[in-house]
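Notes to accompany the following structure.
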Amino acid sequence: MLRFLLNRSIKTKIVWSTVLISLIPLLILSYLFYDTNARSLERTMLRSSNQNADYLSDYLDKYFQNVSASALQVYGFQRIMNLMEHGIDYNNPDILNLKDSLNNYYRLVESRNEHIMKVMIYGKNNRLADNWSRASSYDAIMLGKGTPYSDEMLDLPFQNTLMFTYTESLLKQSFFVYGVTIYDPFSKSKVGTLIFYIPSKEIVKMIERYNYEPNEIILQNRRGDTFYQTSDRYAASIDPYEPPKLPISSQKHDLRFSDNKDRLTSTSFINNGNIRLSIVYPNTELRLNRDHLMLITIVALILVLLFIYIFSFLSQRFITRPLLMLGKAMKAFRNGNLQATVKQPQLWRDDISELTRSFNYMTEKIRMMIETEFQMQLRNKEAHIMALQMQINPHFLYNTLQTIGGKAVLMGDYEIHEMCRALGDMFRYSFYEGNMESTLRMEVVHVNNYLYIQQLRFENSLRLEIDVPETFMDVTIIRFVLQPIIENVIVHGLVKDDDTQLLIRISAVRESDDILLTVWDNGPGMDKDKLEAVRKDISHPSKEVFAGVSIGLKNVHERIKLVYGPNYGITIHSEEGTETSISIRIPNRTEAGADVQGDGRG
98 MLRFLLNRSI KTKIVWSTVL ISLIPLLILS YLFYDTNARS LERTMLRSSN
148 QNADYLSDYL DKYFQNVSAS ALQVYGFQRI MNLMEHGIDY NNPDILNLKD
198 SLNNYYRLVE SRNEHIMKVM IYGKNNRLAD NWSRASSYDA IMLGKGTPYS
248 DEMLDLPFQN TLMFTYTESL LKQSFFVYGV TIYDPFSKSK VGTLIFYIPS
298 KEIVKMIERY NYEPNEIILQ NRRGDTFYQT SDRYAASIDP YEPPKLPISS
348 QKHDLRFSDN KDRLTSTSFI NNGNIRLSIV YPNTELRLNR DHLMLITIVA
398 LILVLLFIYI FSFLSQRFIT RPLLMLGKAM KAFRNGNLQA TVKQPQLWRD
448 DISELTRSFN YMTEKIRMMI ETEFQMQLRN KEAHIMALQM QINPHFLYNT
498 LQTIGGKAVL MGDYEIHEMC RALGDMFRYS FYEGNMESTL RMEVVHVNNY
548 LYIQQLRFEN SLRLEIDVPE TFMDVTIIRF VLQPIIENVI VHGLVKDDDT
598 QLLIRISAVR ESDDILLTVW DNGPGMDKDK LEAVRKDISH PSKEVFAGVS
648 IGLKNVHERI KLVYGPNYGI TIHSEEGTET SISIRIPNRT EAGADVQGDG
698 RG
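This note's numbering puts the first residue of the sequence shown at 98, with every later residue one more than the last.
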């Protein structure tokens, strides 16, 4: 399962993780729900079955109590007691009274229990002393070899009875037999035995009247033999009979489920019969209710899981949609779309929105870095092309200038010689094919050569002051930084028809880990609007690499930022009619990579 989730999308992971996490508590709750309700159904069935068993056992106990009372009424007839103990004495003149006592006793039995069809009285010697039948057809019933327990029934222990059913072969009718031995209540010596015959159909009719399908009733006598059962379906599941502890009336019903709870068995002892009543309640209704409860539990579990799945599926769209958009943007960015971004939510901020903000910031930085690198490469390439175009045999030009200078010396014109020398040095510095970086010393020399030529042109209108400490002369700087700025100062600082001398001062100081070069002039300066326009112009990168062939302030500013980073470049300060200063910030480092030490004064 874990491997299945690992290879799936985050949407699938969220949905199935939610379902699986919810499954465990739902299963526990479902089990508790099912178990609680199943136990409740079992308790309901136990109460109902217990009430039914109590009612039926009480009814049977009363019925057999009536039969037992019919037997015990013999104690009220002394002549019958003497008959059972001593037999019949035909010489005794009281024999006629004995006959009346027997008739009275039989009438009493007949009136108390209409189901008793025959009564047999056995004496102490186990011989038949007398008998009575409700109808002459029952006279054929005799206690003999065909009667079960015929010998045992005549010698039952004190306060014990024996019940059984059997089919009389002569009448082909089933009878319920109730036998009890009569003992002297004081000496507890045997007096005789009374046996009652009741048609089995009457017992069955009585029992079935209070029984309900599909309950099964089983009656066992003191021998443990089953003398009555509704059916033999559950006979094997009934425990063998064990005589209960006396008194029987203290014995409670025993209710218990079978191992698989497919049936409930109630066991009780009949006080007036020495028999055990077992009622088997097939668990059909309980099983159906439990199956119905199980079906409800499973359906409810499936519906809840389905609801969780649908809810998770819908909610994950809210969670994963920004991630999918972020993934698409990443894929587009990977395929070369550097403008790919993710729309930011305006109403909330969470972890995913922070992730998209970081992605947008990252793409912006990468795009800027790529554009910066691309612009630098374009500028270097175009500068190289321009240098190639301008480098028309530079050695020839340099040698020609030296030749002109030599001729000027021979003619005694040393200014032409110096002018040719300065111009030749400028050509040599411009056409240098080595590193794009130079040193501050070489930049100052280059500016000196440039201003020497311009001073010859403008005579005494220009003056240069250099205030750069010797400790800063080895600081590295890209080529052509100072000369374009000086050129810009001369173009805009010299005013025609003005005898004022233009003073240009170059100074350098150290600020933290940087060198700050300043080109100051006392020219006419700029008003606030023009100054703001110039500042705004140089702060925006150029669309073209060069504007024509001029290299001005904007180009210098952009080249410094491209090479050294966004923290470097030029800044402009000016006051109209007074002065203009241009500050150039570069890193403080030499060709060897060591910082230049010094306080910036010299």
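We treat Cβ as the ideally placed atom computed from N, Cα and C, and that holds for glycine.
The model shown is predicted, which means the values in this text are computed figures rather than measured ones.
For residue i, count neighbouring C-beta atoms within 10 Å of its own C-beta (all shown protein chains included) and say buried if the count is 16 or more, exposed if not.
i: VAL206; result: buried
i: LEU618; result: For the sequence presented, residue 618 should be read as Asp rather than Leu. ASP618 is buried by the Cβ-count criterion.
i: PHE161; result: buried
i: MET465; result: exposed
i: ASP158; result: buried
i: GLN175; result: exposed
i: LYS651; result: buried
i: GLY433; result: exposed
i: ILE563; result: exposed
i: ILE463; result: exposed
i: ALA332; result: exposed
i: HIS543; result: buried
i: HIS637; result: exposed
i: PHE569; result: buried
i: GLU786; result: This structure leaves residue 786 out entirely; the chain is present only between 98 and 699.
i: VAL396; result: exposed
i: ASN585; result: buried
Tell me which same chain residues have a C-beta within less than 6 Å of the C-beta of residue i, skipping the five on either side of it?
i: PHE273; result: THR262, ILE295, SER297 and ILE300
i: ASP610; result: ASN685
i: SER604; result: ASP564 and THR615
i: ALA505; result: ILE513 and HIS514
i: VAL646; result: At VAL646, the pLDDT of 33 sits below 50, so the modelled position is not reliable; the number obtained from the coordinates is stated separately. Same-chain partners within the cutoff: there are none.
i: ALA644; result: Residue placement at ALA644 cannot be trusted, given a pLDDT of 42 that sits under 50; what the coordinates show is reported in the next sentence. Contacts found: none.
i: VAL277; result: ALA168, THR258 and LEU291
i: ILE582; result: VAL616 and ILE679
i: ASN308; result: ILE314
Between which two residues does the beta strand (DSSP E) carrying residue i extend?
i: GLU672; result: 666-672
i: LEU225; result: 225-230
i: GLU676; result: 676-684
i: LEU659; result: Segment 650-661 is the alpha helix (DSSP H) holding LEU659; no beta strand (DSSP E) there.
i: ILE372; result: 372-379
i: ILE367; result: 360-367
Starting from residue i, follow the alpha helix (DSSP H) in both directions and report where the run begins and ends.
i: GLY590; result: 579-590
i: ILE302; result: The sequence given here has Lys at residue 302, not Ile. Segment 297-306, the alpha helix (DSSP H) holding LYS302.
i: SER328; result: That residue, SER328, is in no alpha helix (DSSP H); it is neither H nor E in DSSP.
i: PHE555; result: 537-555
i: ALA630; result: 625-636
i: GLU207; result: 192-209
What would DSSP say about residue i, mapped onto helix, strand or coil?
i: THR573; result: strand
i: PRO122; result: helix
i: MET214; result: coil
i: TYR219; result: strand
i: ALA437; result: coil
i: VAL565; result: coil
i: GLN317; result: strand
i: LYS353; result: Reading the sequence as shown, one finds Arg at residue 353 and not Lys. ARG353: strand per DSSP, three-state reduction.
i: THR141; result: helix
i: ASP611; result: strand
i: ASP158; result: helix
i: LYS428; result: helix
i: LYS287; result: strand
i: ASP186; result: coil
i: PHE130; result: helix
i: LEU240; result: coil
i: SER604; result: strand
i: THR394; result: helix
i: ILE292; result: strand
i: THR687; result: strand
i: ASP248; result: coil
i: GLU468; result: helix
CB-CB under 7 Å to residue i, same chain, minus the five flanking residues each way: which ones, in chain order?
i: SER535; result: ILE574 and ARG576
i: LEU398; result: LEU123 and SER127
i: GLY243; result: SER266
i: LYS658; result: TYR665 and GLY666
i: ASN546; result: ALA519, ASP522 and MET523
i: ASP281; result: VAL288
i: ARG698; result: With a pLDDT of 39 at ARG698, under the threshold of 50, the predicted position of this residue should be treated as unreliable, and no value is reported.
i: ARG353; result: THR362
Enumerate in chain order the residues of its own chain whose CB-to-CB distance from residue i is below 8 Å, with the five nearest sequence positions on each side excluded.
i: ASN312; result: ASN149, THR327, ILE376, VAL377, TYR378 and PRO379
>> At 3 residues or longer, what runs of the beta strand (DSSP E) sit wholly inside the stretch 250-284?
In response: 258-265 and 270-280
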